[in-house]
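Visitor: Provided herewith is a single structure, encoded as structure tokens, for subsequent inquiry.
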Amino acid sequence: MLQIIASLAPYLLILVCPLMMIFMMRGMHGGHNMKSQDMIRQDEEIAQLKAKNEQMVKDLAELKVKRK
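This is how it looks when you write it as structure tokens:
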């Protein structure tokens, strides 16, 4: 029995490497579906900048009306 295991050990090691790589790569790519904290912060900044832009457009329109 020990001879069988010893003779199969190199082949098992060779097969284990690709299997481990498949599971590791799958785990690494699975995390990309979730937003990272940086992406959430960027979305918040974009929303704030859009709100400021809208306010500036309103202020500009008011200034144009007052100028006339």
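In our numbering, the protein residues as written are 121 to 188.
Virtual Cβ for every residue (Gly too), placed ideally from N, Cα, C.
Using the Cα positions of K172 and S156, report the straight-line distance between them to the nearest angstrom.
Guide: Position 52 of the sequence shown, counted from the start, is the residue given in the question as residue 172. Position 36 of the sequence shown, counted from the start, is the residue given in the question as residue 156. About 25 Å.
Visitor: Just how far apart, CA to CA, sit L139 and I124?
Guide: Taking the first residue of the sequence shown as 1, we reach residue 139 at position 19. Taking the first residue of the sequence shown as 1, we reach residue 124 at position 4. Looking at the two C-alpha atoms, the distance is approximately 22 Å.
Visitor: Once DSSP output is grouped into helix, strand and coil, what is the label at M148?
Guide: Along the sequence shown, one-based indexing puts residue 148 at 28. Note: M148 maps to helix in three-state DSSP.
Visitor: For S127, which three-state DSSP category applies?
Guide: What you label residue 127 is simply residue 7 of the sequence shown in a count that begins at 1. Three-state result, S127: helix.
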